[in-house]
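Number of protein chains: 4
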Amino acid sequence: MKQDVSKRKLRVGIVGGGQGSFIGAVHRIAVELDGQAEVVAGAMSTDPRRARDSAAAWFLNRSYNTFQEMVEAESQRPDGIDFVMITTPNHLHYPVAKVFLEHGIHVVSDKPMSLSLEEAQKEVALVEKSNLIFALTHNYTGYPAIRQARDIVRRGEIGNVRKVLVEYLQDWLMEPLERTGSKQASWRTDPTKSGISGCVGDIGTHAENLLEFVTGLRISALCADLTTFVDGRVLEDDATMLLRLQNGGKGILTCSQITAGEENNLTLRVYGSKASLEWHQMEPNTLLFKQQGQPCQLLRVGQFYLSSEVKALTRLPAGHPEGYLEAFANLYRLIIADIRRVERGQEPEGGYPNVHDGLRGMQFIAAAVESSHKGAVWVDVLHA
Amino acid sequence: MKQDVSKRKLRVGIVGGGQGSFIGAVHRIAVELDGQAEVVAGAMSTDPRRARDSAAAWFLNRSYNTFQEMVEAESQRPDGIDFVMITTPNHLHYPVAKVFLEHGIHVVSDKPMSLSLEEAQKEVALVEKSNLIFALTHNYTGYPAIRQARDIVRRGEIGNVRKVLVEYLQDWLMEPLERTGSKQASWRTDPTKSGISGCVGDIGTHAENLLEFVTGLRISALCADLTTFVDGRVLEDDATMLLRLQNGGKGILTCSQITAGEENNLTLRVYGSKASLEWHQMEPNTLLFKQQGQPCQLLRVGQFYLSSEVKALTRLPAGHPEGYLEAFANLYRLIIADIRRVERGQEPEGGYPNVHDGLRGMQFIAAAVESSHKGAVWVDVLHA
Amino acid sequence: MKQDVSKRKLRVGIVGGGQGSFIGAVHRIAVELDGQAEVVAGAMSTDPRRARDSAAAWFLNRSYNTFQEMVEAESQRPDGIDFVMITTPNHLHYPVAKVFLEHGIHVVSDKPMSLSLEEAQKEVALVEKSNLIFALTHNYTGYPAIRQARDIVRRGEIGNVRKVLVEYLQDWLMEPLERTGSKQASWRTDPTKSGISGCVGDIGTHAENLLEFVTGLRISALCADLTTFVDGRVLEDDATMLLRLQNGGKGILTCSQITAGEENNLTLRVYGSKASLEWHQMEPNTLLFKQQGQPCQLLRVGQFYLSSEVKALTRLPAGHPEGYLEAFANLYRLIIADIRRVERGQEPEGGYPNVHDGLRGMQFIAAAVESSHKGAVWVDVLHA
Amino acid sequence: MKQDVSKRKLRVGIVGGGQGSFIGAVHRIAVELDGQAEVVAGAMSTDPRRARDSAAAWFLNRSYNTFQEMVEAESQRPDGIDFVMITTPNHLHYPVAKVFLEHGIHVVSDKPMSLSLEEAQKEVALVEKSNLIFALTHNYTGYPAIRQARDIVRRGEIGNVRKVLVEYLQDWLMEPLERTGSKQASWRTDPTKSGISGCVGDIGTHAENLLEFVTGLRISALCADLTTFVDGRVLEDDATMLLRLQNGGKGILTCSQITAGEENNLTLRVYGSKASLEWHQMEPNTLLFKQQGQPCQLLRVGQFYLSSEVKALTRLPAGHPEGYLEAFANLYRLIIADIRRVERGQEPEGGYPNVHDGLRGMQFIAAAVESSHKGAVWVDVLHA
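Protein chains in written order, with our numbering: chain P, 1165 to 1548; chain B, 1165 to 1548; chain S, 1165 to 1548; chain G, 1165 to 1548.
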């Protein structure tokens, strides 16, 4: 029997994230940042030596060769993990989540949620019949300025959403990096590990999720033109899309991994009948609020005038920049609070991307790929 | 017989641009800025009193009630105008240009070139059989940084163009301004004066022209979603478009006059196989040049490292901002030089938007409207 | 007898500004920009051939070999010039102004007003006993955003001024350019033409003038450390200063012509007991208004919320950048209006830097040089 | 006997930092961020209840009522802390450091190092005769871009340093916040807890440290004008200073806590004979590198072209913003590595602010206060 979760840090396991991984360390830092959880166990690589070395580098008490071993052992231990973080390539997201859920362990998974839309639908069913927390790390929703933007939209301060422009631009795949042995590039450009889509699945889903998170609106239809610019690559490395929103609003979404000089340029602009909002991930602590005929206002994270939910997600006074890791940690803060609630028999409160958002992402990928295959025609995005 | 044009300022007439006009004064300042021409005659309004008052306010020697009177009189005078500037609403662009061309007077016209594609085709024929200069004031091509961008593309420094993002966003029509008596808003939202398109014709054509000017590529096809957001308005006030370029590159063009807080946000980003370029009209003296894995460079207007053609279009050292009027004046500088050449029997050298660019703009408008009417499907943009 | 000034453009003469000059062309463009004046005569160089060629390039009717010839001839002609623009090196500012004033011709002079404090005092006396307009082109006060800043201070919206930070940084003299034959560099580094100071006189006076213009406060004392960094140069090329303002406020002023990468970086920040203002000359159409605990506001030139005086000094809607030349032209707009008033027997209204501001600048130079020579000690800045 | 430090996280104690503290949580996050240390013990408040609650909130195993109890107990335990973090108000920095050093425990202290220059001198002696690590958290030196700037200066890429402009501006004390019960404001404005200086000690020392860190030069003399703008406050809340550097370079340092709208604006500009550098703490991942006549370069944290030392201090690819906490954690990364070295009998390698930097800061404060008291005259800054 586990010790009361109120009196201790939660115990966390990790699948994937071994040496050479970028996102593994991100999850570790983010989950531990607020001092509410500690990573204690891992199945960090399919290569046993790398798994062991990776765990040792983190001073983990328990290292496993496979996630199957891990779930068996941890679900038996009185001091077993409270939840698992899945930080593998896409094709393992669903199989790993499935087995941990089946063993009664809460799951935090990287996105996209699964390799296929079918898996995603099964995953929804699995989570719904469990009493477990399932969270998806669409980490950009953890930025305080994004939460402030959502609040402003909800309060009606921009009026009806008329137009949304969202872009996510990178350049790291503008050369055929996958042929140089880059682990990061290899699996992302390999359909068996990445799924039916390249950059749409990898980063386009973040853009889609962010748009729907902030506006509270669903994309009802899209017209997508997916392109592979780098010779020999199978999956697309660029996409341009027109969007129609459920309320009649219009939008554009573009994502690319071949746009020279773009580091991690995720930008969201939402134009309403009364005002507009603009946010840039690379300067994440500023949210522009613009009204016609009024001075543009720079809303700054850390300031008192932000809404209380947002202020609760900052750790520093304004002017002390918080960034990517802190935003990621904000999701974990909300997730951990919910796991504590559920473990104490309380209702979870949410506030982070969940299995329905995960399904939504897979529907988006499916629609974008279908649209493009048909010649960039309009395709409905299925509603969950 | 006119005095040798080498020894004097050119004499300029204006049609339209009377009191209440925004663009009339812009043309006057721009054409006179370099001391190479002087406005001396005008048919500045269809209202005779306003025409007279407008001309007096500019100390013009000769004021006419109609452009027909003007062309008759000026073409007879030994000191008649060397060229005319057409600054009327769209529906008069072609009729005025036609009669001045027929009387042997060079023409500088505001864009779009005509009310319809048919008129545009006639205008091409008219100009081609004349020996006259015809220029169209797609003024944004007058910015030195835009010229530098074109040079960089031409020199192959960004490699093959893969992706182009161009946007032109304003907010001045986000309310039904045309119902408040605003002259500017009224004709622009009236199909009989503006043509088949609202914001695509008014500002989208600038975006299209800029894209083709800088990349040297044609838009081969587009998929356009035009929307009228303001109740009761006939013409669209917003457009989102996917583009395909003749070289296989992809693009997005969006223009809007209902995007709150956007003043005159014309932004161009061109991504090539080697590097990319970014330019913002509202900070026009900086051009970003970005290569993967290299520090982004800020190319600044007025610096010695710019190409010589570009340096010839600046009047001030770097750090002394030049703006919209100076860019507009750059077109006139090139146009006036060509008129002097033609008048001396030399070949014109061009370098400014001409009748073919004007036709191109009308084709673009026609394609965008057709695409949208058919449900936002792909439509070829006809080649001239 | 001159024709009524209401019914014609004013006639302008220029002294200096011949080929190779930067500021001559600036004055021509600025004075003519609004169509209210025309340059018709010049004594543009001490080299007769250059004088003639310069005048011809501008299509001037009347070219003189010397300013003395010019003043004699123009003051006799019925169609003589209404005012003169002095655009020579510093040592000629006073002698030229003196003779035109003595011949009853209004004067617009470049800054600093004279070579010495003594000359400046004589110039004040000369102007005061005349009935003539004397204006000094501290052109940065012509920027609309600067006028808006002054209005905000005057209305008490920032409270009591506590701290002012002003800097004017360039890099064009970071190498010994004067040894390469550069005309611009040669006279500016030569005490016989430039006066007792280098960069303080050349650009520091602009900073001083801007500070006093916007705050409405006098600098009561300063402590200045002047440095010559480039070997062999006589006059300082860098200065750092502490300031004390008449109301107890504190300040810093720094100017330099050896700061690598700085083009023409004139920046003003004014901190009051309630709010603060920030302005950058290189992005001149934005004024930042900041209150503690409130979102920073971007006040934009061309917007309706600006004060009416400011709106009267813009020519374009917001988002269409106006720059250095337009700001310069704003001073001429105000000066020309005053010359028309005086010529019609009305009182001048001012609004542009005058002979007292010129004297003030010379006092500032004298104090800065004295302070530095004594080891960077505190020196009072004399009040006029 | 302690377990080999190579095989475990280091154990950390904290003095101060209890609930209501800002900097306590910063230290906890920073020290634990890289998974190399864990806070296990604390004497977090002089109020026993608050101490206990604060420790419980962090799940600390061991909570003490006083730092004396803590040092006695921890120095005896086989699993005692490896080092202590001192996060109290200034007056306790020295007494706490002294007793931990005397008990053989490594010390990381907040800045300024002590209440007085005398204490600082004693502290140097104490550290020098020990074999212990003493580090001072001038955390801004932990920013990768600052490290890159130092490298560029060291490699001679900007030439000789001619001019340095450093400013640290805040607004949080522009009203008498100390009279509202704010703990943060109260001790900082109280000479018995803060020392002889207000904002110079609190933030000016960061600016001084950053300047000397990046340039590798000492400030040889200063002329400081300290002002208390808020009525009733004892210590200064604003300072303006001229600086002279040991190599003949000139500088300006200003710090303020009454500058409306400034959040935490620490800006450094270094101008050399060949190029210059510019950095803004509020956008910390960009370093501007400027050469005359060349495009300004934006050096971006996370890019491969940075020096290897700098790359070792980033955790994320470029475009994923790291901020204040990550920079703080970089100091701890270097400190922890050195503690491990010393514990294994190796030589420490440094790379973080140490006791000599701490003494330097106290000398700077003493000189600034002396200069201002004498009327803002030049005062030498003593060399250690």
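Where is the CB? At the ideal position from N, CA and C, for every residue including glycine.
Short Cβ contact (9 Å threshold) for residue i with residue j
i: serine 1536 of chain S; j: leucine 1390 of chain S; result: yes
i: leucine 1477 of chain B; j: asparagine 1494 of chain B; result: yes
i: valine 1245 of chain B; j: alanine 1194 of chain B; result: One point to set straight first is that residue 1245 of chain B is isoleucine, not valine, in the sequence displayed. Against a cut-off of 9 Å, the Cβ pair of alanine 1194 of chain B and isoleucine 1245 of chain B comes out as no contact.
i: alanine 1482 of chain B; j: asparagine 1428 of chain B; result: no
i: arginine 1318 of chain S; j: glycine 1380 of chain S; result: yes
i: histidine 1267 of chain G; j: glutamate 1236 of chain G; result: yes
i: alanine 1371 of chain P; j: leucine 1417 of chain P; result: yes
i: alanine 1309 of chain B; j: leucine 1407 of chain B; result: no
i: valine 1398 of chain S; j: glycine 1362 of chain S; result: yes
i: alanine 1330 of chain G; j: leucine 1441 of chain G; result: Correcting the residue type first, residue 1330 of chain G is valine in the shown sequence and not alanine. Cβ distance not < 9 Å, so valine 1330 of chain G and leucine 1441 of chain G don't count as in contact.
i: serine 1218 of chain G; j: glutamine 1240 of chain G; result: no
i: alanine 1439 of chain S; j: tryptophan 1542 of chain S; result: no
i: aspartate 1544 of chain B; j: alanine 1532 of chain B; result: no
i: leucine 1174 of chain B; j: phenylalanine 1223 of chain B; result: no
Integer Cβ distance of residue i from residue j, believed to fall under 8 Å
i: histidine 1520 of chain S; j: valine 1378 of chain S; result: With 8 Å as the limit, histidine 1520 of chain S and valine 1378 of chain S do not qualify as a contact, their Cβ atoms being about 17 Å apart.
i: proline 1340 of chain S; j: glycine 1425 of chain S; result: Not quite, the Cβ-Cβ distance comes to about 18 Å (not below 8 Å), so this is no contact.
i: histidine 1191 of chain P; j: glycine 1181 of chain P; result: 6 Å
i: aspartate 1557 of chain G; j: isoleucine 1422 of chain G; result: Not covered by the structure: residue 1557 of chain G. The range shown for chain G is 1165 to 1548.
i: valine 1176 of chain S; j: alanine 1201 of chain S; result: 5 Å
i: leucine 1374 of chain B; j: tyrosine 1304 of chain B; result: 5 Å
i: histidine 1270 of chain B; j: leucine 1296 of chain B; result: 5 Å
i: phenylalanine 1453 of chain S; j: glycine 1457 of chain P; result: Between glycine 1457 of chain P and phenylalanine 1453 of chain S the Cβ distance is about 16 Å, and since that is not below 8 Å, they are no contact.
Contact list for residue i against chain G, beta-carbon separation under 9 Å
i: leucine 1458 of chain B; result: Looking at the sequence shown, residue 1458 of chain B is not leucine but glutamine. What glutamine 1458 of chain B touches in chain G: Gln1461, Gln1467 and Tyr1469.
i: asparagine 1429 of chain P; result: Gly1483
i: leucine 1406 of chain S; result: Cys1387, Ala1388, Asp1389, Thr1404, Met1405, Leu1406, Ile1416 and Ala1540
Enclosing beta strand (DSSP E) for residue i [first to last residue]
i: glutamate 1513 of chain G; result: From DSSP, glutamate 1513 of chain G is part of no beta strand (DSSP E); its letter is neither H nor E.
i: valine 1550 of chain P; result: As displayed, chain P neither begins before 1165 nor continues past 1548, which places residue 1550 of chain P out of reach and without an answer.
i: arginine 1464 of chain G; result: 1460-1464
i: alanine 1201 of chain S; result: 1201-1207
i: serine 1440 of chain S; result: 1439-1444
Neighbour list for residue i in chain P, Cβ cutoff strictly below 7 Å
i: phenylalanine 1453 of chain G; result: Neighbours of phenylalanine 1453 of chain G on chain P: none; closest Cβ ~16 Å, over 7 Å.
i: methionine 1446 of chain G; result: Gly1483 and Pro1485
Host alpha helix (DSSP H) of residue i (start-end)
i: glutamate 1486 of chain P; result: Premise fails: glutamate 1486 of chain P is in no alpha helix (DSSP H) and is neither H nor E.
i: isoleucine 1187 of chain G; result: 1187-1196
i: leucine 1265 of chain B; result: 1257-1266
i: glutamate 1238 of chain P; result: 1231-1240
i: methionine 1526 of chain S; result: 1519-1537
i: glutamate 1474 of chain S; result: It should be noted that the sequence gives valine, not glutamate, for residue 1474 of chain S. It spans 1472-1475 - the alpha helix (DSSP H) in which valine 1474 of chain S sits, taken as one unbroken run.
Contact set between residue i and chain B, taken where Cβ atoms lie within less than 7 Å
i: lysine 1552 of chain S; result: Residue 1552 of chain S lies beyond the range of chain S shown here (1165 to 1548); nothing can be said about it.
Residues that residue i contacts on chain S, provided the C-beta gap is smaller than 9 Å
i: leucine 1197 of chain B; result: Ile1193, Glu1196, Leu1197 and Leu1489
Within chain G, the residues that residue i reaches when beta carbons sit closer than 8 Å
i: alanine 1439 of chain S; result: Ala1424 and Gly1425
If we require 4 or more residues per run, which alpha helix (DSSP H) segments fall completely within the region 1271-1331 of chain G?
1281-1293 and 1308-1318
Considering only residues of the region 1341-1400 of chain G, which uninterrupted alpha helix (DSSP H) runs meet the minimum length of 4 residues and lie entirely inside it, listed in chain order?
1347-1352, 1355-1358 and 1369-1379
Give the list of continuous alpha helix (DSSP H) stretches no shorter than 4 residues that lie fully inside the region 1395-1436 of chain S.
none
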